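Trainee: Sharing a structure here in structure tokens format.
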Amino acid sequence: MYGNEYRFQNRFRVIGSLECKGPLHAGDGDVASFVERAKHLGMEIPDETVAADPEYATTSTGVGELPILPGTALKGVLLHWLERHGVERSAIERLFGKVEGGKAVFGGMAVFYDATLESSPPVEKGLRWWHPDRCTCLSPQVVIDPKTRTATPGLLYYTEFVPAGSVFRLEVAGQDWSDEDRDLLLFALHNAFSEDPDSAQVGAGQASNWGRLVWHPRRVEVLGDA
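Using the working numbering, the first residue of the sequence shown is number 11, and each one after it goes up by one.
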């Protein structure tokens, strides 16, 4: 009667940190007022800027409005990096899931929690519009006219980003992994998030070399059936 019941094998938890090697914008699809941010920071801004009130694309945030790296985004980046490097598809799908047409078919055995901001670098010159509560800066951007290849007048906007040197804590968990599953995850984290020029990138601005991360492992915890 009970012969086919599920039997627990193990539970893994992989803990480490991701260090930003350059600016990183993991957007949440929302925008905010540059003028309101400037007022909050006690900045003096020209009347023409107030009148235009440019927006900035906000970064994903969690508790306390501090930046996060969404776990789903990190998982997707690793999945595509493994595919690009010829890892066997069945092994990838078992751990990271399957995506077709930009939509997840199933999630795989690895659970990626949102990576939370652990520390920020000292504020340096050149980091403009630093917000001490959000630990982010703004980067001015312009819309380029496709015909003239010059900036389109009146279409200045900003992108919120975490600066280089920011560190996020990442936790990945899973149940009933094989040794191969564990090794594949550690391989992906170590090689995709590295100093290698062919490493993965997260978020927007990748053409400008934004979104590069380096993985620093801390520990692997295992709960066995005993």
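Backbone N, C-alpha and C define an ideal beta-carbon position, used for all residues, glycine too. Just so you know, these numbers come straight off a predicted model, no measurement behind them.
#1: State the Cα-Cα distance for the pair ARG99 and ALA202, rounded to the nearest angstrom.
#2: Looking at C-alpha atoms only, which residue of VAL230, PHE171, LEU76 is the closest neighbour of LYS31?
#3: Suppose the cutoff is 6 Å on Cβ atoms and the five residues either side in sequence are ignored; what does the same chain contact list for GLN185 look like?
#4: Where does HIS35 land, buried or exposed, given buried means 16+ other C-beta within 10 angstroms?
#5: To the nearest angstrom, how far is it from the Cα of ASP38 to the Cα of GLY72?
#6: Please specify which runs of the beta strand (DSSP E), each continuous and at least 3 residues long, are wholly inside the stretch 27-65, giving them in chain order.
#7: Following the continuous beta strand (DSSP E) through LEU233, name the residue where it begins and the one where it ends.
#8: Using C-beta distances below 7 Å, list every residue in its chain close to ARG179, excluding the 5 sequence neighbours before and after it, in chain order.
#9: Taking Cβ to Cβ, would you say VAL232 is nearer than 8 Å to GLY221?
#10: Express the C-alpha separation of ARG144 and LEU76 in angstroms, rounding to a whole number.
Mentor: For this structure:
#1: 17 Å
#2: PHE171
#3: ARG21
#4: buried
#5: 11 Å
#6: 37-43
#7: 223-234
#8: SER27, ALA125, THR126, GLU128
#9: no
#10: 5 Å
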